[in-house]
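Engineer:
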Amino acid sequence: MVRVGICDDEKTFREQIKFTLEQISRKNDLQYELWEYESGMDFLDRGEEIDLLFLDIEMEGISGIQLKDYLQGGGDIRIIFVTSHMEGMPEAFGRNVYGFLEKPLEIDKMEKYLLRVWEDLQEEQVLVLKGVQGEIAVKEKDIFYFESEKKYSRMVGRNEEFFCDMGLQQLEDMLGQKSFFRCHKSYLVNLGNISDANQSIRLKNGESIPVSRRKAKELKDAYLAYIIRRAR
Numbered sequence: 053m054v055r056v057g058i059c060d061d062e063k064t065f066r067e068q069i070k071f072t073l074e075q076i077s078r079k080n081d082l083q084y085e086l087w088e089y090e091s092g093m094d095f096l097d098r099g100e101e102i103d104l105l106f107l108d109i110e111m112e113g114i115s116g117i118q119l120k121d122y123l124q125g126g127g128d129i130r131i132i133f134v135t136s137h138m139e140g141m142p143e144a145f146g147r148n149v150y151g152f153l154e155k156p157l158e159i160d161k162m163e164k165y166l167l168r169v170w171e172d173l174q175e176e177q178v179l180v181l182k183g184v185q186g187e188i189a190v191k192e193k194d195i196f197y198f199e200s201e202k203k204y205s206r207m208v209g210r211n212e213e214f215f216c217d218m219g220l221q222q223l224e225d226m227l228g229q230k231s232f233f234r235c236h237k238s239y240l241v242n243l244g245n246i247s248d249a250n251q252s253i254r255l256k257n258g259e260s261i262p263v264s265r266r267k268a269k270e271l272k273d274a275y276l277a278y279i280i281r282r283a284r
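Positions 53 to 284 (the numbering used here) are the ones given, in order, by the sequence shown.
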């Protein structure tokens, strides 16, 4: 569940963001919890943990720019700025700033930013996998692939290898709706860590893994869809 905050000192615009967020979320089946803040100080005083913050640039007291600078000193709150004056935009760039929405809101632009945030948050999710020698927690984005090892699976990650007490079919059922694709009867690959997909798959760690003939077109379609989704 994504935790979303709206920090704007004008109730009218908070309501507009809420309404547009609800429309986009219903269309794309995005699940979220929502908090509202009347000012930057209200946000800081309440101290709630937020994944995504819609942040007005121009506010009394602590401005959106000042709050952004404070938040970037620690933590990973994603920010989408909302403003009536785009001339303040250059100061608003920074780590975890996903974009800028001008009032009144453009629903297509807001949808693009939201889907990008949701995708990134998904890849930051930590998966807890049951292994032969206990459980291991690993970020989805750090997994390169799983290889079948009879009734077990070998996970090859960015920094480690690990034998899972799960078969590929179980892993595919669990991860197939995310960014993973069963490219071969013996391999389940993370689309986010592919550098090239053709007759075989070249991964970002330099390894190559096979693609079965009957899966070749399906892989290309899945990989293209993933790239387009990430580029939106």
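In this text, a Cβ means the ideal position worked out from N, Cα and C, and glycines have one as well.
Mind the definition here: the region 256-269 touches the region 235-245 only if three or more C-beta pairs lie below 8 Å; say whether that holds.
Structural biologist: yes
Engineer: Check this for me: beta carbons of Leu-173 and Asp-103, under 8 Å apart or not?
Structural biologist: yes
Engineer: Who does Arg-55 pair with in a DSSP beta bridge?
Structural biologist: Glu-85
Engineer: Considering Ile-69, what are the terminal residues of the alpha helix (DSSP H) in which it resides?
Structural biologist: 63-80
Engineer: Go through its chain and collect everything with a Cβ distance to Ser-200's Cβ below 6 Å, but skip five positions before and after it.
Structural biologist: Excluding positions up to five away in sequence, the list reads Leu-220 and Ser-238.
Engineer: For a test of the three-state rule: what should DSSP assign to Asn-245, helix, strand or coil?
Structural biologist: helix
Engineer: Do the CB positions of Lys-191 and Glu-176 come within less than 8 Å of each other?
Structural biologist: yes
Engineer: Please name the residue in Met-207, Tyr-122 and Asp-248 whose C-alpha comes closest to that of Ile-279.
Structural biologist: Looking at the Cα atoms, Asp-248 is the closest of the given residues.
Engineer: Is it the case that the CB of Gly-92 approaches a heavy atom of the ligand SAH more closely than 7 Å?
Structural biologist: In terms of ligand content, the structure shown is empty, and the ligand SAH therefore cannot be addressed.
Engineer: Between the alpha carbons of Ile-188 and Lys-182, how many angstroms are there, rounded?
Structural biologist: 7 Å
Engineer: Sorted by chain position, which residues of the same chain lie with C-beta nearer than 7 Å to Asn-242's C-beta, five sequence neighbours on each side aside?
Structural biologist: So the list reads Ile-195, Phe-196, Tyr-197, Ser-231 and Phe-232, once near-sequence residues are dropped.
Engineer: Give me the DSSP bridge partner(s) of Arg-206.
Structural biologist: Glu-199 and Phe-215
Engineer: Would you tell me roughly how many angstroms separate the C-alpha atoms of Ser-115 and Gly-92, rounded to the nearest one?
Structural biologist: 7 Å
Engineer: Given this structure, state the Cα-to-Cα distance separating Lys-269 from Ser-252, to the nearest angstrom.
Structural biologist: 12 Å
Engineer: List the endpoints of the continuous alpha helix (DSSP H) containing Gly-116.
Structural biologist: 116-123
Engineer: Based on Cα-Cα distance, which residue from Gly-244, Glu-110 and Lys-256 lies nearest to Tyr-275?
Structural biologist: Gly-244
Engineer: Taking the alpha carbon of His-137 as the point to measure from, which residue in Asp-128, Asp-160 and Glu-110 has its own alpha carbon closest?
Structural biologist: Closest option to His-137, Cα to Cα, is Glu-110.
Engineer: So Glu-187 is in the alpha helix (DSSP H); what residue range does that whole segment cover?
Structural biologist: No alpha helix (DSSP H) contains Glu-187, which is instead part of the beta strand (DSSP E) from 186-191.
Engineer: Give me, in chain order, the residues of the same chain whose beta-carbon lies closer than 8 Å to that of Leu-271; leave out the 5 immediate sequence neighbours on both sides.
Structural biologist: Phe-233, Cys-235, Ala-249, Ile-253 and Val-263
Engineer: CB-CB under 6 Å to Val-134, same chain, minus the five flanking residues each way: which ones, in chain order?
Structural biologist: Phe-106, Asp-108 and Leu-153
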